[in-house]
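Peer 1: The structure's right below; bear with me while I get my questions together.
In our numbering, the protein residues as written are 101 to 335.
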């Protein structure tokens, strides 16, 4: 066989070999890399689809935990089963005390008041409307600080005013045991004593103010009444 014939035969063999490699290359698929295998031995194609990309759902994030007060839209269905370890602390409110005054010095007792005569228009009514002062009416002061009552009397002036000083054995410390009341009226037309302001039963003394007498003695002035006599009215 000559050289041209051998060359043509070699060319055909080369073409045949190239064709065989091409066919074998198309049938051969490379084995997946170890990184594409899962732990369970299943093969999954991770190539994203051009129209529907595969999206893995994200795990829900844990709810934030607040260390302070929790906000609820609705009150809890059940109250807490435990009581607080310490009861709430309340600041005690101070109790006010009455003011303290310096002690009042012991004083002698003087009593004042006024005596009136009521008109027939208001006879039997506890009022002094239309009343006029009584001149010379007698008023007494009785103090029960001793076994036997101590009595002092005084007469009214033209304004119906009277002023009585208690015995010197009676001081302001014992004035609460004294009473003043009506004794008599010099007016025959108005001499019926009434119990207005306890003129019959005896009126306790109402403290007014301290004063110093003309002889420099300390006194405390008290007030009673006003008292009243009623007239003899025609029926």
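Just so you know, even glycine gets a beta-carbon here, dropped at the ideal spot from N, CA and C.
I need the boundaries of the beta strand (DSSP E) containing residue 264, first residue and last residue.
Peer 2: Element bounds for residue 264: 261-265.
Peer 1: With respect to the beta strand (DSSP E) encompassing residue 321, which residues constitute its N-terminal and C-terminal limits?
Peer 2: Its beta strand (DSSP E) spans residues 318-323.
Peer 1: Taking only three categories from DSSP, how would you classify residue 289?
Peer 2: Note: residue 289 maps to coil in three-state DSSP.
Peer 1: Can you find at least 3 beta carbon pairs, one from the region 299-306 and one from the region 269-280, that sit closer than 8 Å?
Peer 2: The region 299-306 is in contact with the region 269-280.
Peer 1: May I have the straight-line CA-CA distance separating residue 228 from residue 240, to the nearest angstrom?
Peer 2: Near 21 Å, if we compare the C-alpha coordinates of residue 240 and residue 228.
Peer 1: Per DSSP, residue 248 forms a beta bridge with which residues?
Peer 2: DSSP, once it has assigned bridges, lists no residue as partnering residue 248.
Peer 1: Taking its Cβ as the centre, do 16 or more other Cβ atoms sit within 10 Å of residue 270, making it buried, or is it exposed?
Peer 2: Flag for residue 270 reads buried.
Peer 1: Counting pairs of beta carbons, one from the region 229-236 and one from the region 255-268, are three or more of them closer than 8 Å?
Peer 2: Short answer: they touch.
Peer 1: Is there contact between the region 211-218 and the region 315-327, where contact requires at least three CB pairs shorter than 8 Å?
Peer 2: Yes: the two stretches touch, three or more of their Cβ pairs being nearer than 8 Å.
Peer 1: Could you compute how far the alpha carbon of residue 262 sits from the alpha carbon of residue 200?
Peer 2: Whole-angstrom Cα-Cα distance: 34 Å.
Peer 1: Within 8 Å of any Cβ in chain B, is that where the Cβ of residue 256 sits?
Peer 2: Any reference to chain B falls outside this structure, which holds one protein chain only.
Peer 1: Using C-beta distances below 7 Å, list every residue in its chain close to residue 295, excluding the 5 sequence neighbours before and after it, in chain order.
Peer 2: If we look at residue 295 and ignore the five residues flanking it on each side, its Cβ neighbours are 301.
Peer 1: Going by DSSP, what residue range makes up the beta strand (DSSP E) through residue 213?
Peer 2: Start and end: 208-217.
Peer 1: Out of 226, 332, 250, which one is the CA nearest neighbour of residue 297?
Peer 2: The residue with the shortest Cα to Cα distance from residue 297 is 226.
Peer 1: Measuring alpha carbon to alpha carbon, tell me which of 321, 266, 314, 237 ends up nearest residue 289.
Peer 2: Residue 289 has its Cα closest to that of 237, out of 321, 266, 314, 237.
Peer 1: Between residue 218 and the rest of its own chain, which residues show a CB-CB distance below 6 Å, the 5 nearest in sequence each way excluded?
Peer 2: Excluding sequence neighbours, residue 218 sits near 231, 328, 330.
Peer 1: Which one of 291, 242, 318 has the shortest CA to CA distance from residue 220?
Peer 2: That would be 291, whose Cα lies nearest to the Cα of residue 220.
Peer 1: Where residue 334 and residue 223 are concerned, what is the direct C-alpha to C-alpha distance, given to the nearest angstrom?
Peer 2: Those two C-alpha atoms are separated by around 11 Å.
Peer 1: DSSP state of residue 272, grouped into three classes?
Peer 2: Reduced to three states, the DSSP call for residue 272 is helix.
Peer 1: Taking residue 308 as the reference, give the member of 314, 315, 321 with the closest Cα.
Peer 2: Here the closest residue by C-alpha is 321.
Peer 1: Among 287, 194, 245, 283, which residue has its Cα nearest to the Cα of residue 299?
Peer 2: Among 287, 194, 245, 283, the Cα nearest to that of residue 299 belongs to 283.
Peer 1: In whole angstroms, give me the CA-to-CA distance for residue 171 and residue 191.
Peer 2: At residue 171 the pLDDT is 49, less than 50, meaning the model places this residue with poor confidence; the figure from the coordinates comes in the next sentence. Rounded to whole angstroms, residue 171 to residue 191 spans 29 Å at the Cα level.
Peer 1: With 16 other CB atoms within 10 Å as the buried threshold, where does residue 281 fall?
Peer 2: With 16 or more other Cβ atoms within 10 Å, it is buried.
Peer 1: If you compare alpha carbons, which of 265, 313, 310, 332 is closest to residue 285?
Peer 2: Looking at the Cα atoms, 332 is the closest of the given residues.
Peer 1: Got a sec? Which residues, its chain only, sit under 7 Å from residue 338 by beta carbon, not counting five neighbours each side?
Peer 2: Since the displayed the chain opens at 101 and closes at 335, residue 338 lies outside it and no answer follows.
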